[in-house]
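Undergrad:
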Amino acid sequence: MTFLLLAALILDALFGEFHWLWRHIGHPVTWMAALLLRGEGLLNRPVYSSRTRKIYGTLWFGICLIFWTGAAAGLHYMIYAFLPAPWGDVTLITLASIFLAYGSLMDHVTDVRDAILSGDLAKARAKTARIVGRDTTQMDMDGLSRAGIESLAENFSDGVVAPAVFFLIGGLPGIVAYKMTNTADSMIGHRTERFEDFGWAAARCDDLLNFIPARLTALLLALGGLSSGKGPPRRALSIAVRDNAAHASPNAGWPEATMAGLLGVRLGGPRHYADGKQKDSAWLGNGEAGGVPALAPAMTITRAAWLTGCTGLALGYFIWR
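For what it's worth, our numbering labels the leading residue of the sequence shown as 771, then goes sequentially.
#1: Determine the direct distance from the alpha carbon of Leu829 to that of Glu920, and round the result to whole angstroms.
#2: Kindly indicate the opening and closing residues of the alpha helix (DSSP H) around Val799.
#3: Once DSSP output is grouped into helix, strand and coil, what is the label at Gly1031?
#4: Please name the residue or residues paired with Leu1037 in a DSSP beta bridge.
#5: Could you give the distance in angstroms between the alpha-carbon of Ala1059 and the alpha-carbon of Asp1013?
#6: If we ignore side chains and look at the alpha-carbon of each, how far apart do Ile863 and Met950 end up?
#7: Hey, could you find the ends of the alpha helix (DSSP H) His789 is sitting in?
#8: Taking Cβ positions only, does Ile982 come closer than 8 Å to chain C?
#9: Nearest to Val1080 by alpha carbon, out of Pro1003, Leu991 and Gly840?
#10: Using three-state DSSP, classify Ala1018 as helix, strand or coil.
#11: How is Arg904 classed by DSSP in three states: helix, strand or coil?
#12: Among Trp1024, His960, Ser956 and Ile945, which has the Cα closest to the Cα of Leu775?
#13: Following the continuous alpha helix (DSSP H) through Tyr872, name the residue where it begins and the one where it ends.
#14: Counting C-beta neighbours from all protein chains within 10 Å, is the total for Leu868 16 or more, i.e. buried, or is it exposed?
#15: For Asp977, which of Ala1018, Asp912 and Val1011 has the nearest alpha-carbon?
#16: So the candidates are Ala988, Ala842 and Leu812; which of them puts its Cα closest to the Cα of Pro798?
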């Protein structure tokens, strides 16, 4: 499975999203989201008590998780039952790459960087809004850069490291189970009046599944910072240990605080969201608030972290095969 994961990571990095295909049939993650929201619309009604909404939300999340994981397990079985091993491996590599987001993440952040460097504030706000849930309409260039860095660090964990870990553990069913859980958390796991009870199980499950990957991401970023000349990993990791708990998420603070430590800036701080709400989030890291000069180095660190992870997989494959 190690070689298949390495090949899937490289395929994702080279080609990113298959936009030409998803425009016609939709990405599998959108299928998951559509099914989730269909049940949410039927079961998450204001007239129900908090306890009832929590029970219904847990049951519906469980049903969706079992359905998609079971479908992936069946597909995994059929791939090797009906295809010769080499073609089965190629098919599995291609399917796994669909659920990895390194290529698309770097493309989106590159779009943000290019818009900022061109001085086009409106375009930079629009590009940043595609990767964050915050209201970008009032952000300046430094705020947009900081949002891009934070999204880069968090999504490197959620979109690359975590799905890779679960593919390594459980093959296609493992990566699909993770993506289903992560999608559910992003769709219904919000701490709002509408979703706090119904999305409780999805949010808790996502926290559990990301516990190890988030900390592994912090380590990879720290090593990536070392290889890209951003100082010893210990300094960045000490900031991550110190500041991660200040983040609202039990996991996202690890990669974000590590990135802040590597860049020598502060990330986080007060945030305005698209629904009009404001959250007075704590700052992570030391120094000045992160701005435009920190965005390109953050991308370099992330590339180095990705390469470090791939190198580790390659070494593991040749040592233990």
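Using N, Cα and C, we set each Cβ at its ideal position, and we do this for glycine too. It should be emphasised that the depicted structure is a prediction, and the values quoted were computed from it without experimental measurement.
TA: With the structure as the only source:
#1: The alpha-carbon atoms of Glu920 and Leu829 are separated by roughly 33 Å.
#2: Pro798 to Leu813
#3: helix
#4: Leu1054
#5: Approximately 15 Å between the Cα atoms of the pair.
#6: 19 Å
#7: His789 to Ile795
#8: Checking the listed chains, one finds no chain C in this structure; it contains a single protein chain.
#9: Checking the sequence shown, residue 1080 turns out to be Cys, not Val. Checked all of Pro1003, Leu991 and Gly840; the closest Cα to Cys1080 is Leu991.
#10: coil
#11: It is a strand residue.
#12: Looking at the Cα atoms, Ile945 is the closest of the given residues.
#13: Going by DSSP, Tyr872 is part of the alpha helix (DSSP H) stretching over Tyr872 to Leu887.
#14: The sequence shown places Ile at residue 868, not Leu. With 16 or more other Cβ atoms within 10 Å, it is buried.
#15: Ala1018
#16: Ala842
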